[in-house]
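Before any comments, here is the structure.
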């Protein structure tokens with residue numbers, strides 16, 4: 003029988019030989035960290051404003067973010083998926099609590115999808131549409147739900163995507 007080699011410690015992270023701490027980092031628990039990360043990724047407000055509202059500055063936020071990400075990574079190395087799952091659940095709840103994004107017309111969404119499917123640089127496409135990746139993801143979820151519920155709308159969307167791809 004072979005013994006498993008001890009897990010290497012991620013530089014700056016918690017010891018993989020010990021349970022990963024779940025205590026708040028600088029007063030920020032996992033759910034609050036996830037909610038702040040979602041708001042920052044959304045890009046709807048200046049980063050400094052989001053952080054200031056939470057009583058944080060950039061240096062403190064970076065320390066908090068690093069600690070939580072290292073904790074999640076270490077727990078995954080330990081084959082403990084629970085911290086990562088809790089983070090994903092908290093992030094999903096934070097995304098669901100955001101106000102809906104401004105409307106994106108079917109034609110605009112179809113043009114973005116066509117460009118992505120045609121291999122265009124998604125970052126350039128989203129920048130041109132003045133969307134962050136997080137905002138696009140929210141539009142995508144909203145449109146997927148609408149398209150799944152309406153066969154005629156889905157057919158129109160697919161036709162628009164194909165038409166756009168032919169003209170690229």
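In the numbering used here, the protein residues as written are 3 to 170. Where is the CB? At the ideal position from N, CA and C, for every residue including glycine. These numbers come from a predicted model, not from an experiment.
Residues 163 of the same chain have their beta carbon placed closer than 6 angstroms to that of residue 115, with the five preceding and five following residues left out of the count. Beyond the five residues adjoining it in sequence on each side, residue 75 comes within less than 8 angstroms, by CB distance, of 12 and 15 in the same chain, given in chain order. Residue 60 and residue 28 have their alpha carbons spaced roughly 13 angstroms apart. Counting along the chain, the unbroken alpha helix (DSSP H) around residue 142 starts and ends at 135-151. The C-beta of residue 143 has fewer than 16 other C-beta atoms within 10 Å across all chains shown, which makes the residue exposed.
Fewer than three beta-carbon pairs drawn from the stretch 64-84 and the stretch 110-124 are found closer than 8 angstroms, and the two stretches are therefore not classed as touching.
Secondary structure at residue 27: strand, using DSSP grouped into helix, strand and coil. Classified as exposed, residue 90 has fewer than 16 neighbouring CB atoms from the shown chains inside 10 Å of its CB. Assigned with DSSP and collapsed to three states, residue 132 falls in coil, not helix or strand.
Within the stretch 5-81, the alpha helix (DSSP H) runs of at least 4 residues that lie entirely inside it are, in chain order, 32-44, 49-55 and 60-79. Residue nearest to residue 39 within the set 146, 64 and 72 is 64 (criterion: CA-CA distance).
A Cβ-Cβ separation of about 11 angstroms leaves residue 94 out of contact with residue 37 under the 8 angstroms criterion. In this model, residue 78 and residue 106 are separated by some 37 angstroms (Cα to Cα). Our two residues, residue 129 and residue 6, have alpha carbons roughly 47 angstroms apart in a direct line. Closest by C-alpha distance to residue 170, out of 19, 117 and 55, is 117.
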